[in-house]
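Q: Last residue of the sequence shown: 510 in my numbering, with the numbers rising by one and none dropped.
Yeah, the Cβ is synthetic: ideal placement off N, Cα and C, and Gly gets one too.
Bear in mind the structure is a predicted one, so any value in this text is a computation, not a measurement.
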Amino acid sequence: MQTRPWARRDRRHPCKLPACSDELDDPLSFLAHSCTPPRKNMKARIAFSIAVLLLTACGEKPPPQSTDAGTTEPTIDVRQSTVVAAPDKDVVADGETRSTITVTIKDTAGQPMPDFQVLLAAQGEGASIIQPGGSTDANGIAIGFVTANKPGTVKITAKVSDATSTYDLPSQAQVAFVAGEAKKLVFLVPPSAAQAGKNIAPAVRVAVQDDFGNALDSNLEVTLALGENPGGATLAGTLTVAADAGTATFGDLRIDKAASGYTLVASASGLESVASAPFEITAGAPA
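1. According to DSSP, Thr389 sits in a beta bridge with which residue or residues?
2. Keeping to the same chain, check which residues put their C-beta closer than 7 Å to that of Val412; ignore five residues upstream and five downstream.
3. Any idea what DSSP makes of Lys378, helix, strand or coil?
4. Given this structure, state the Cα-to-Cα distance separating Gly357 from Leu449, to the nearest angstrom.
5. Are at least three pairs of beta-carbons, each pair with one atom in the region 365-372 and one in the region 309-328, less than 8 Å apart?
6. Is Leu343 helix, strand or coil when you go by DSSP?
7. Which value, in whole angstroms, describes the spacing of the CA atoms of Val401 and Pro453?
8. Can you check which of these residues, Gly436, Ile423, Lys480, is closest to Gly460 by C-alpha distance?
9. Drop a sphere of 10 angstroms on the beta-carbon of Asn437, count the other beta-carbons inside from all chains shown, and report buried for 16 or more, exposed for fewer.
10. Give me, in chain order, the residues of the same chain whose beta-carbon lies closer than 6 Å to that of Pro501; leave out the 5 immediate sequence neighbours on both sides.
11. Mind checking Ser244: buried by the 16 CB within 10 Å criterion, or exposed?
12. Could you give the distance in angstroms between the alpha-carbon of Val445 and the alpha-carbon of Asp434?
13. Measuring only the C-alpha atoms, how far is Ile379 from Ala308?
14. Considering only residues of the same chain and omitting the five flanking positions on each side of Ala361, which have a CB-CB separation below 6 Å?
Shown next as structure tokens:
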């Protein structure tokens, strides 16, 4: 039986597969131009397909993809970071009593961030800040203090910074300072010149204050008496008055004899007495 030419070519493997090399840029194109698969010989077609797969596998393989996605530096989350005061109310405004300010820095995952510098600022009359002694610790915490010598509310804010950036924390703390203990009496409105036998006007006012001159919410009783008495006069009127919100008002004081150099002395239980500035009492109008 006569053998068909294409079958003989198949048995003799006329399509010699080249070795994998840099010269084989496109193995499929090579086969398409160099070898045409037999149409009816199934074994030859299978062999041809295997050759195509082998040629396609030749050449450089792509570098393996790294499974290391790298690490991302943690980022500060200013909204999770906090500024907290303790205590935050009834702190004595004596310039010494402290409220502790705790600043806590966290990242976006809620984890503490060490090594941040913290700068505190206070808004409020008489307030003073003691800055943290160093950067945030392993728990992301830095601690400072605030004092005041005037009663009122003090607001505390914080700026924090790392090696590259500075951030204003939206969190703020507030501390309510109150006046300290009663320490002294002060003539808010001292006695002024008046006619003998007439009420001294405006009314004399005496305040109960702490060491820093802060008025106290006190009802302490305050008493007035003559100090220097060059005319040998008598002081009349209501001489003992309970303070109202820390101030005692004397509206009907009068001295019966004219002279220059009178003084009044204010006293209260537990406090040192205080004298007014000198004042004059003039003679009354003739009858």
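A: Here's the rundown:
1. Thr389 pairs with Ser384.
2. Answer for Val412: Pro425, Ala426, Val427, Arg428, listed in chain order.
3. Strand, per DSSP.
4. Going by C-alpha positions, Gly357 is about 58 Å away from Leu449.
5. Verdict: yes, contact present.
6. Here DSSP, grouped into helix, strand and coil, assigns Leu343 to strand.
7. Cα-Cα distance, rounded: 42 Å.
8. For the set Gly436, Ile423, Lys480, the Cα lying nearest the Cα of Gly460 is the one of Ile423.
9. Classification of Asn437: buried, given that the 10 Å Cβ count is 16 or more.
10. Counting only Cβ-Cβ distances below 6 Å, and skipping sequence neighbours, we find Gly484, Thr486.
11. The pLDDT assigned to Ser244 is 43, lower than 50, so where the model puts this residue is not dependable; a value taken from the coordinates is nonetheless given after this. Classification for Ser244: exposed.
12. Linking Val445 to Asp434 through their CA atoms gives a straight-line distance of about 18 Å.
13. Straight across, the Cα-Cα distance linking Ile379 with Ala308 is about 8 Å.
14. In the same chain as Ala361, and ignoring 5 residues on each side of it, the C-beta atoms closer than 6 Å to its own belong to Pro337, in chain order.
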